[in-house]
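All residue numbers for the sequence shown refer to the working numbering, where the first residue is -4 and numbers rise by one.
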Amino acid sequence: MLREVTATRYITPLREGGSLPGLVEADDLGTYVVKFTGSAQGRKALVAEVIVGELARALGLRFPELVLVRFDPAVAAHEPHQEVQDLLHASAGLNLGMDHLPGARDFTPEVARTFDVDPLEAGRIVWLDALTVNVDRTTHSSNLMIWPTLGVAPPRLWLIDHGAALVFHHRWDASEPGKAYDFRRHALGGHTPDTRAADAELAPRVTGELLRAITAQVPDAWLADEPGFASPDEVRGAYVDYLLARARASAAWLPTDFPTRAQLADEDARRVARTRQDRPDWLKRVPDLHGKPTAEQDWSAHLG
Ligand SMILES: Nc1ncnc2c1ncn2[C@@H]1O[C@H](COP(=O)(O)OP(=O)(O)OP(=O)(O)O)[C@@H](O)[C@H]1O
Ligand SMILES: [Mg+2]
-4 MLREVTATRY
6 ITPLREGGSL
16 PGLVEADDLG
26 TYVVKFTGSA
36 QGRKALVAEV
46 IVGELARALG
56 LRFPELVLVR
66 FDPAVAAHEP
76 HQEVQDLLHA
86 SAGLNLGMDH
96 LPGARDFTPE
106 VARTFDVDPL
116 EAGRIVWLDA
126 LTVNVDRTTH
136 SSNLMIWPTL
146 GVAPPRLWLI
156 DHGAALVFHH
166 RWDASEPGKA
176 YDFRRHALGG
186 HTPDTRAADA
196 ELAPRVTGEL
206 LRAITAQVPD
216 AWLADEPGFA
226 SPDEVRGAYV
236 DYLLARARAS
246 AAWLPTDFPT
256 RAQLADEDAR
266 RVARTRQDRP
276 DWLKRVPDLH
286 GKPTAEQDWS
296 AHLG
């Protein structure tokens, strides 16, 4: 079972996170990044965090400890922002904490350029993401951190943030365990991930017994009242069945196509050219960023 701790101090919101996680101190003297049940992402994001994170750990990947955090909004009485107060008041009770890695750095495209990743490790991470349909580990939103960074030991890759994984739990009846998803823009695609070796190693380790032990760690309250299911245990069973079937069908979804950064840039350029072709002249000057942060410094071209 996940350890339970009690929040003693709300330190600050982490505004890099879309779900407005908070940095929290607890009665075991630990510091945790807490994801709140009252966030817009909802409790299914927390279920995905537990199941995918604990599966990652069981398969030998680095993933910070998860704890259940008893949270009373009174410990954040000093927090001045109303949107944070609203979130915390909607989250009284059990929430999910992840051990905070002090000084950790996000694995950004700049870090990725100089950081060596072993192809088998990269393959294992891509394999886990493909198994659990985690499409939120891309170049620009890697949800990978490197730690430690103070020179005490070599920095290693750590996985975080699996809240967007297990997309099938939003539409249970329409989910197809053999479905392939596009992982060509995976954050580790440029590190020659050996997904075939990872598949041979990891697929046999994903057993019903392991999945039952992992889903048992999800609190009942986050699984209750799921439409179409009579009990939290029935929902757990559905996660086990789906992931087991998907692990057995890996030949149908194993990602093996990882274009280089130059090839992806080329594809982007061609797509932009196609999109712009039929636009009126003034619209051709609007940058097409496809969700990427702008690298453009000179906006004068768009003002004339
Ligand atoms: N365990 C951790 N240790 C140190 N920093 C962390 C940890 N977990 C998260 N962070 C920092 O907080 C940021 C937001 O975390 P996370 O991605 O889990 O939140 P989120 O709300 O799910 O974000 P989003 O949905 O926008 O990706 C991370 O990018 C990272 O910088
Ligand atoms: Mg994130």
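Yeah, the Cβ is synthetic: ideal placement off N, Cα and C, and Gly gets one too.
Note that the structure is a prediction, hence the values are computed from the model and not measured.
Cβ-heavy atom distance, N90 to ligand 2, below 7 Å: no
field: ligand 1 heavy atom lying under 7 Å from the CB of N129
entry: no
- request: Can you give me the start and stop residues for the alpha helix (DSSP H) that L197 sits inside?
  value: T190 to L197
query: In the DSSP assignment, what are the bridge partners of N90?
result: Answer by DSSP bridge pairing, in chain order: V64.
query: Which first and last residues belong to the alpha helix (DSSP H) in which V28 is found?
result: No alpha helix (DSSP H) contains V28, which is instead part of the beta strand (DSSP E) from T26 to K30.
query: With contact counted as at least three CB pairs below 8 Å, one residue from each stretch, are the segment 56 to 73 and the segment 237 to 247 in contact?
result: no
message: Taking the beta carbon of R132 as the centre, do at least 16 other beta carbons fall within 10 Å, making it buried, or is it exposed?
response: Label assigned to R132: buried.
Reduced DSSP category for G118 - H, G, I as helix; E, B as strand; rest coil: helix
- prompt: Using the beta-carbon count (16 or more within 10 Å), is M(-4) buried or exposed?
  reply: exposed
- prompt: Since F20 sits in a beta bridge, which residues does DSSP pair it with?
  reply: For the sequence presented, residue 20 should be read as Glu rather than Phe. According to DSSP, residue pairing for E20 in a beta bridge involves R4 and T26.
- prompt: Closer than 7 Å: is that where the CB of M93 sits relative to any heavy atom of ligand 1?
  reply: yes
task: Report the rounded CA-to-CA distance for A107 versus S226, giving the unit in angstroms.
output: Rounded to whole angstroms, A107 to S226 spans 44 Å at the Cα level.
query: What is the DSSP secondary structure of S245, counted as helix, strand or coil?
result: Correct three-state label for S245: helix.
message: For L152 and D94, I'd like the C-alpha separation in whole angstroms.
response: 15 Å
task: Using the DSSP secondary-structure output, state which residues sit across from I141 in a beta bridge.
output: Looking at the DSSP assignment, I141 forms a beta bridge with R100 and L152.
- prompt: Shortest alpha-carbon distance to D23 belongs to which of R(-2), F224 and S136?
  reply: R(-2)
The segment 212 to 228 / the segment 171 to 185 touching (three or more Cβ pairs under 8 Å): no
query: Identify the residues that DSSP records as bridge partners of H181: which are they?
result: T133
query: What is the residue span of the alpha helix (DSSP H) that Q80 lies within?
result: Q77 to H84
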